[in-house]
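Only one structure is covered here, and it is reproduced in the block below.
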Amino acid sequence: MAMRWQAFLDAVQERGEYSSAQEAERAARTVLALLGAHLVGNERAELAARLPETFAMILLNPLQAAEPLEPERFVRATAAWIDGATEKTAKWDVSAVLSVAADAAGDELLHRVLLQLPPGYDVLFGRPQHT
7 MAMRWQAFLD AVQERGEYSS AQEAERAART VLALLGAHLV GNERAELAAR
57 LPETFAMILL NPLQAAEPLE PERFVRATAA WIDGATEKTA KWDVSAVLSV
107 AADAAGDELL HRVLLQLPPG YDVLFGRPQH T
């Protein structure tokens with residue numbers, strides 16, 4: 007079942023310690039658009055189905071990435087898309103949004119999502135894998 011808009015945004019705002027819902031929404035839109043460019047197939051569709059409709063559409067209609075970005079480059083790309091962001095604040099943004107997305111996804115789907123991404127995204131999702 008899809009997470010409700012307000013619940014998703016409230017969770018991102020709390021985890022990101024944003025002063026406004028607008029800041030949380032800006033981070034969510036940016037991070038999910040970039041994530042959508044790196045996911046394909048059933049995993050992207052299943053994750054979208056668990057997000058609020060607006061965020062689901064952002065995830066499902068991304069620009070296509072030429073290649074999957076390593077986690078550090080994903081954070082830098084996020085910083086480039088958010089006015090005034092630094093790599094440090096962008097990492098905070100990415101983790102706030104992706105940890106809420108991980109909650110919405112559940113462990114089994116998140117595992118399949120992580121298989122599509124370069125190593126290191128588990129930490130960005132707030133679910134470090136111990137190997």
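Per my numbering, residue 7 is the first one in the sequence shown, and the count goes up by one each step. All C-beta atoms in this analysis are idealised placements derived from N, C-alpha and C, irrespective of residue type, glycine included. Remember, predicted model here, so these are calculated numbers, not experimental data.
Query: Cβ shell of Glu31 (< 7 Å), same chain only, five flanking positions each side left out; Result: Leu15
Query: For Arg82, the three-state DSSP class (helix, strand or coil); Result: helix
Query: Host alpha helix (DSSP H) of Asn67 (start-end); Result: Note, Asn67: premise wrong, no alpha helix (DSSP H); not H, not E.
Query: Gln135 - DSSP class collapsed to helix/strand/coil; Result: coil
Query: Residues near Gln70 in its chain [Cβ-Cβ closer than 7 Å; skip 5 each side]; Result: Ala43
Query: Residue range of the unbroken alpha helix (DSSP H) whose run includes Thr92; Result: From DSSP, Thr92 is part of no alpha helix (DSSP H); its letter is neither H nor E.
Query: Whether Pro2 touches Gly126 by CB criterion (8 Å); Result: No answer is possible for residue 2: it lies beyond the span of the chain, which begins at 7 and ends at 137.
Query: Any 3 or more C-beta pairs closer than 8 Å across the stretch 97 to 107 and the stretch 34 to 42; Result: yes
Query: Sufficient close CB pairs (3 or more, under 8 Å) joining the stretch 76 to 96 to the stretch 53 to 63; Result: no
Query: Contact check, Ala144 vs Leu57, beta carbons under 8 Å; Result: Since the first residue shown for the chain is 7 and the last is 137, residue 144 is missing from the structure and cannot be characterised.
Query: Any non-hydrogen atom of the ligand SAH closer than 7 Å to Arg35 Cβ; Result: Ligands in the displayed structure: none, and consequently the ligand SAH is not present.
Query: Contacts around Gln135, its chain only, beta-carbon distance under 8 Å, and the 5 residues preceding and following it disregarded; Result: Leu120, Asp128
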